[in-house]
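Note that the protein sequences, when read in sequence, are chains G and V. Residues in the first sequence are numbered from 1330 upward in steps of one, following my numbering. Residues in the second sequence are numbered from 1330 upward in steps of one, following my numbering. Cβ coordinates follow ideal geometry from the N, Cα and C atoms, glycine included. These notes are about the structure you will find just below.
2 protein chains.
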Amino acid sequence: MPDSAVAALLAQGRPRADAQRNVERLVAATREALDELGLAVTTRDIAQRAGVGLGTLYRRVPSLDALLAAILTDTIDEMTERAAHALDSPDAWQGFAEFAESYVQLRASSCGLHDALSGRGERLDLEPRITRLRRAMRQLVQRAQKAGVLRSDLDWRDVPFALATAIPPGHTIGLVPGDDQWRRNLRIILDGLRPARSLAPEAPAAPAVPSD
Amino acid sequence: MPDSAVAALLAQGRPRADAQRNVERLVAATREALDELGLAVTTRDIAQRAGVGLGTLYRRVPSLDALLAAILTDTIDEMTERAAHALDSPDAWQGFAEFAESYVQLRASSCGLHDALSGRGERLDLEPRITRLRRAMRQLVQRAQKAGVLRSDLDWRDVPFALATAIPPGHTIGLVPGDDQWRRNLRIILDGLRPARSLAPEAPAAPAVPSD
DNA sequence: CCAGAAGCGGAACAGTGTGACCCGCTTGGT
DNA sequence: ACCAAGCGGGTCACACTGTTCCGCTTCTGG
């Protein structure tokens, strides 16, 4: 039930057909704007994307924050479900890695979710849902550590941090991240999370290449 | 000459002693506020920290942006100098790793620098200085790759991205990052950047631990 | 087809926070 | 002791926000 919060927010008797259509547009537009703009979305951003006036937005929705909170609640709950599902995987590493991929992908593709999970947006009161997600991720990480497929010299909390940081923070030193930069970062991070593999020799190659 | 831009901005004949003192306070306060608040600093933040009125700020400084740009220019130039210095290290990996550590540390400890290098703050026209830093980092990375001490299956640009992402973006799923979280992340990332070390067996341990 | 209720758009409002300016008072240096 | 240089912070103009309101339009049931 990944849409339950939004459904609850917009519950109403029997709206007119055009009103129903506008509500759907509004929700879609909000998701879109939230993805692109993060928690800095404004009512005008949303109304414009939906091709709708401000009055229409406020007809169905008590406030902007209530709308954002409902959408984010559903998104977070969906992540939690995925984490719980990953616990069922027979392979502890594969379960973890697959979850990590979809977790990072979702965070990378939605600034709004990223903002919410990064502690911005306390005004939305999402802590209870975030707590559920955190617990599920903890189980996933600790299972992998106990199975010996994830470094045990780390606190489990280091793993969520490492995953969260796979998302590029905008540009970097003038370089524009590709849409798949999160995947490239995640590859490095997942490699770094595997148990120490003979800790490569300090300097196996030539000491320095003065050329260039 | 890491203070040249600030010095140039504030150049003046022979200010009165109290005026000179206030300018110094102002610069120190701006650095501090920039570290804590990032590019969102306001004139009031700065004046208050300096224990000075707004009028005093505008006496010496043409605009807030000019002040921020001068300070950030000097900070970026200092990073560039460190990168250039690291190129002199006889050990390509050590030179790279040491630079990486101070680079990430500086970004982690100064929101303002992090903002600037993350592409926020185009209004400040820092591109020329950022370009110099980027070039220096490229040399450092490619030297390490040629020396065989850094994975060669990565584009050099992936490395700045990986380093930039070591900085935790605020909280994560409700967990508060410690002051040294960047160091923990960096450790994972640096391990992931070393050449493939026998790519650990897929699942060396028990398939799953249903306990917990 | 039509009446009237439901719905609509967007101008308007109130609040906040910003950078920048100015001017009556204070202070340092000669 | 004089007075220019310097100071503080009240003030202005503006940008932008969430929300409300109301005259007009559109849907729908009979």
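Which same chain residues end up closer than 7 angstroms to residue i when comparing Cβ atoms and leaving out the 5 residues on each side of it in sequence?
i: ARG1467/V; result: TRP1485
i: ALA1358/V; result: ILE1375, ARG1378 and ALA1379
i: ALA1532/G; result: Since pLDDT at ALA1532/G reaches only 34, below the 50 mark, its modelled position is unreliable, and the value read off the structure follows with that caveat. Nothing meets the Cβ criterion.
i: LEU1442/V; result: LEU1401, THR1404, LEU1435 and ARG1436
By Cβ distance below 6 angstroms, which residues in the same chain neighbour residue i in space, the five residues on each side in sequence not counted?
i: PRO1344/V; result: none
i: LEU1446/V; result: none
i: VAL1488/G; result: VAL1470
i: TRP1511/G; result: VAL1433, ALA1437, ALA1495 and ILE1496
i: ASN1351/V; result: VAL1381 and THR1385
i: PRO1506/V; result: PRO1497
i: GLN1474/V; result: SER1481
Consider the Cβ of residue i: report whether some Cβ of chain V lies at a distance smaller than 8 angstroms.
i: GLY1503/G; result: yes
i: THR1402/G; result: no
i: HIS1414/G; result: no
i: SER1439/G; result: no
i: PRO1331/G; result: no
i: GLU1456/G; result: yes
i: ALA1495/G; result: yes
i: SER1431/G; result: no
i: ALA1337/G; result: no
i: LEU1453/G; result: no
i: PRO1344/G; result: no
i: GLY1450/G; result: no
i: PRO1506/G; result: yes
i: ARG1486/G; result: yes
i: ARG1411/G; result: no
i: ALA1532/G; result: Residue placement at ALA1532/G is poorly supported in this model, since its pLDDT is 34, which falls under 50; the coordinates still yield a value, given next. By this cut-off, ALA1532/G is an interface position.
Is the CB of residue i under 8 angstroms away from at least one CB in chain G?
i: GLY1521/V; result: yes
i: ALA1376/V; result: no
i: GLN1510/V; result: yes
i: LEU1462/V; result: yes
i: ALA1491/V; result: yes
i: SER1481/V; result: no
i: LEU1446/V; result: yes
i: GLY1543/V; result: As displayed, chain V neither begins before 1330 nor continues past 1541, which places residue 1543/V out of reach and without an answer.
i: GLY1499/V; result: yes
Return the chain-ordered list of same chain residues with a C-beta closer than 8 angstroms to the C-beta of residue i, the five sequence neighbours on each side being excluded.
i: GLU1319/V; result: Because chain V here runs from 1330 to 1541, residue 1319/V falls outside it and cannot be looked at.
i: GLU1427/V; result: ALA1415 and SER1418
i: LEU1519/G; result: ALA1426 and ALA1429
i: ARG1388/G; result: ALA1348
i: ARG1354/V; result: ALA1379, GLY1380 and VAL1381
i: SER1540/V; result: Confidence at SER1540/V is low in this model, with a pLDDT of 24, below 50, so its placement is unreliable and no value can be given for it.
Practice task
Check whether the region 1362–1377 of chain G touches the region 1334–1341 of chain G, counting contact only when three or more Cβ pairs, one atom from each stretch, lie closer than 8 angstroms.
Solution key: Of all C-beta pairs linking the region 1362–1377 of chain G to the region 1334–1341 of chain G, fewer than three are shorter than 8 angstroms, placing the two stretches out of contact.
Problem - Ordered list of alpha helix (DSSP H) runs contained in the region 1445–1496 of chain V, each at least 4 residues - result: Segments of the alpha helix (DSSP H) lying fully in the region 1445–1496 of chain V: 1456–1475 and 1487–1493.
Practice task
State whether the region 1444–1459 of chain G contacts the region 1392–1404 of chain G, with contact taken as three or more CB pairs (one from each stretch) at a distance under 8 angstroms.
Solution key: The region 1444–1459 of chain G, when compared against the region 1392–1404 of chain G, does touch it at the 8 angstroms Cβ threshold.
Exercise for the section: Specify whether the region 1418–1427 of chain G and the region 1457–1473 of chain G touch according to this definition: at least 3 beta carbon pairs, one from each stretch, less than 8 angstroms apart. Expected result: At 8 angstroms Cβ cutoff, the stretches touch.
Exercise for the section: Could you say if the region 1474–1481 of chain V and the region 1491–1503 of chain G meet the contact criterion of at least three C-beta pairs nearer than 8 angstroms? Expected result: Contact between the region 1474–1481 of chain V and the region 1491–1503 of chain G is absent, because fewer than three Cβ pairs lie under 8 angstroms.
Exercise for the section: Would you mind listing the beta strand (DSSP E) stretches within the region 1367–1438 of chain G that are 3+ residues and don't spill past its ends, in chain order? Expected result: Whole beta strand (DSSP E) segments, 3+ residues: zero.
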